[in-house]
Amino acid sequence: MAYRNPAPTVDIIIELMDRPHRPIILIERQNPPHGWAIPGGFVDYGEAVETAARREAREEISLDVTLVEQFYLYSDPRRDPRQHTISIVFIATASGEPRAADDAKTVGLFLPDSLPEPLCFDHGQILTDYWHYRQGGDRPKPSS
Numbered sequence: 003m004a005y006r007n008p009a010p011t012v013d014i015i016i017e018l019m020d021r022p023h024r025p026i027i028l029i030e031r032q033n034p035p036h037g038w039a040i041p042g043g044f045v046d047y048g049e050a051v052e053t054a055a056r057r058e059a060r061e062e063i064s065l066d067v068t069l070v071e072q073f074y075l076y077s078d079p080r081r082d083p084r085q086h087t088i089s090i091v092f093i094a095t096a097s098g099e100p101r102a103a104d105d106a107k108t109v110g111l112f113l114p115d116s117l118p119e120p121l122c123f124d125h126g127q128i129l130t131d132y133w134h135y136r137q138g139g140d141r142p143k144p145s146s
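Residues 3 to 146, numbered by the numbering used here, are exactly what the sequence shown covers, in order.
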């Protein structure tokens with residue numbers, strides 16, 4: 003019997019520590035779906051999610067990151083139009099000059115009031131949850 007399972011992914015909200023106001027790094031995707039996204043990608047077979055997060059950051063923005071905490075898990079079957087994915091979202095820090103690489107067309111630094119459009123996947127919701135957490139310390143609640 004063949005099983006159909008969601009694919010595990012990671013997204014990394016990266017705070018750039020050596021800039022005023024600690025902006026986050028977003029990438030403009032080179033491949034469909036097009037738009038802006040939190041750096042991240044698929045977890046390879048045999049790879050820990052923490053290792054995948056560090057690898058994806060290096061591959062997409064050319065920076066080494068320090069994982070600070072696991073933020074939340076997002077699993078809505080509609081979150082990725084390509085297939086059902088589950089994303090483990092990390093908050094990380096980095097310093098230096100991000101450079102677009104791998105499937106990132108460009109890289110940008112953003113604060114809550116200056117987000118680009120369109121945002122891919124469910125990244126608008128993830129970032130809303132993240133900034134709410136940063137302001138008041140409340141994590142998202144599981145949906146019913």
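Here a beta-carbon is modelled for each residue, glycine too, at the ideal position from N, C-alpha and C. Note that this is a predicted model, so its numbers are computed, not measured.
By the 16-neighbour rule on beta-carbons within 10 angstroms, Y76 is buried. Our two residues, Y135 and M3, have alpha carbons roughly 42 Å apart in a direct line. Taking the Cα of R101 as reference, the smallest distance to any Cα among L65, L121, D13 is reached at L65. The DSSP-derived three-state label of I128 is helix. Here V12 carries a strand assignment [DSSP, helix/strand/coil]. Around the beta carbon of E99, a 10 Å sphere encloses fewer than 16 other beta carbons of the protein chains shown; the residue is thus reported as exposed.
Non-local C-beta neighbours of I90 in its own chain, meaning closer than 6 Å and more than five positions away in sequence, comprise V12, V51, L75, ordered along the chain.
When C-beta atoms of the region 29-47 are compared with those of the region 107-126, three or more pairs fall below 8 Å, so the two segments count as touching.
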